[in-house]
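Below is one structure, written out as structure tokens, with a few remarks after it.
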Amino acid sequence: MNSVKFTEDAHGMRVLKISNNSADALVYLHGGHVASFKPKGSADLLWMSKMSMFENGKPIRGGIPICWPWFGAPDKAALPNARTSHGLIRLVDWDIEEVSACGSSTQVVLSVSDSPETITIWPFKFKLSLSVTVSDALSLLLTTENTGSVPFTVTQAMHTYFDVGDIARTTVSGFDGVPFIDTVPGTKKPHQIQSGDIAFTEETDRIYTGFSGDAVINDTANRRKIKIHKENSSTSVVWNPWINKSAAMPDFGDDEYKGMLCVETCNIQEDCRNVAPGGKTSLGTIISVEHE
Ligand code: BG6
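Taking numbering that gives the first Met the number 0, the leading residue of the sequence shown gets 0, the next gets one more, and so forth.
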């Protein structure tokens, strides 16, 4: 069995439902957004908010938002028309470029290019494609192509929301000894070095730098370990909004922070990417699970 069904969700949004002998997955054309990845015999590895909006021009809360061509708040001096955080591409519909199946692996390639609307906000010509391969693991490859005549710089992320059984019993391994920037507002010590595994007892919003290794989410309550492998990335963001920030977000349930965690595969800050005319850059991740 290996099928890709092009259909609509309950909100009338276009989705690809992928099913093969290894896993099931759901990919929205809106934002080029993977919303679900369930290896056979496993609960979903990705988390979706019950409060998510599913509307044109709004981001989906959960799954894997693609943040591009900027991560975080826009640089208003350089881009006076930019209003949204995490770029503009999670807000628009992508095209289906390719669908292929082989054994128990399925690949879809989505793409989006500059439009008069994107040019008014980010004045460059581009083609962005996302290859999604669904097998025992979920593999994503995001490729930026500069189709214009001037160089540009991007910051980008696969802003992955993972489903965890209980955040209080969840840790993340792999970052021991890695420097990080604590970006929680009002923090007293923004520059620190990770010691041991990451645990969660308060709002956590960190940029780990100079890190290109694998991370493992120890999802103890679900008796599983989720592995995150990265390609061409030396920055990762680890985020849990905790109590106050959850309550302040309209598309996020007050208690939902207990069951989610973002570990984001990034090219941000010094790890940004310059792309010459005709040039390309790619960012990749492979996500897999082991049960105990
Ligand atoms: C994370 C940031 O990557 O994204 C957080 O580090 C931010 O600071 C979070 O709150 C969610 O952003 P948004 O724009 O989807 O609400």
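Ideal Cβ placement from N, Cα and C applies to all residues, glycine included.
If you draw a straight line from the C-alpha of residue i to the C-alpha of residue j, how long is it?
i: LEU109; j: TRP69; result: 19 Å
i: MET63; j: SER35; result: First, the residue type needs correcting, since residue 63 is Ile and not Met in the sequence shown. For ILE63 and SER35, the distance between alpha carbons rounds to 9 Å.
i: VAL288; j: SER148; result: 43 Å
i: ALA247; j: PRO240; result: 10 Å
i: ASN243; j: VAL183; result: 12 Å
i: ILE120; j: ASP254; result: 35 Å
i: ASP43; j: ILE286; result: 12 Å
i: VAL215; j: THR170; result: 8 Å
Taking C-alpha atoms, which residue in the options lies nearest to residue i?
i: ASN80; options: THR117, ALA247, ALA246 and HIS10; result: THR117
i: HIS290; options: ARG13, GLY40 and ALA24; result: GLY40
i: PHE161; options: CYS261, ALA220 and ARG205; result: CYS261
i: VAL236; options: SER2, SER48 and HIS85; result: HIS85
i: HIS32; options: ASN217, LYS187, GLY164 and VAL131; result: VAL131
i: PRO150; options: ILE197, GLY278 and SER232; result: GLY278
i: GLU202; options: ALA275, SER245, SER281 and SER18; result: SER245
i: SER2; options: ILE192, SER134, LEU140 and PRO249; result: SER134
i: ARG272; options: PHE174, ILE180, THR154 and LEU25; result: THR154
i: ALA167; options: PRO73, GLY11, THR208 and THR219; result: THR219
i: ILE65; options: ALA156, LEU282 and LYS188; result: ALA156
i: ILE197; options: ARG13, HIS228, LYS57 and TYR207; result: TYR207
i: LYS57; options: SER194, ALA77, ALA76 and GLY30; result: GLY30
What I want to know is whether the C-beta of residue i ends up closer than 7 Å to one or more non-hydrogen atoms of ligand 1.
i: ASP297; result: Given a span of 0 to 291 for the chain in the structure shown, any question on residue 297 remains unanswerable.
i: HIS190; result: no
i: CYS261; result: yes
i: PRO73; result: no
i: ASP204; result: yes
i: TRP238; result: yes
i: SER48; result: no
i: HIS85; result: yes
i: HIS290; result: no
Taking 7 Å as the cut-off, does the CB of residue i come closer than this to any heavy atom belonging to ligand 2?
i: HIS29; result: Inclusion of ligand 2 in the displayed structure is not the case, the ligand content consisting of ligand 1 alone.
Following the continuous beta strand (DSSP E) through residue i, name the residue where it begins and the one where it ends.
i: TRP238; result: 234-239
i: GLU285; result: It should be noted that the sequence gives Ile, not Glu, for residue 285. Per DSSP, ILE285 belongs to the beta strand (DSSP E) from 279-290.
i: LYS16; result: 13-19
i: LYS4; result: 1-7
Where do the N-terminal and C-terminal ends of the alpha helix (DSSP H) with residue i fall, by residue?
i: PRO178; result: No alpha helix (DSSP H) holds PRO178; the beta strand (DSSP E) holding it covers 178-181.
i: ASN116; result: The residue asked about is misnamed: residue 116 is Glu in this sequence, not Asn. Counting along the chain, the alpha helix (DSSP H) containing GLU116 begins and ends at 115-120.
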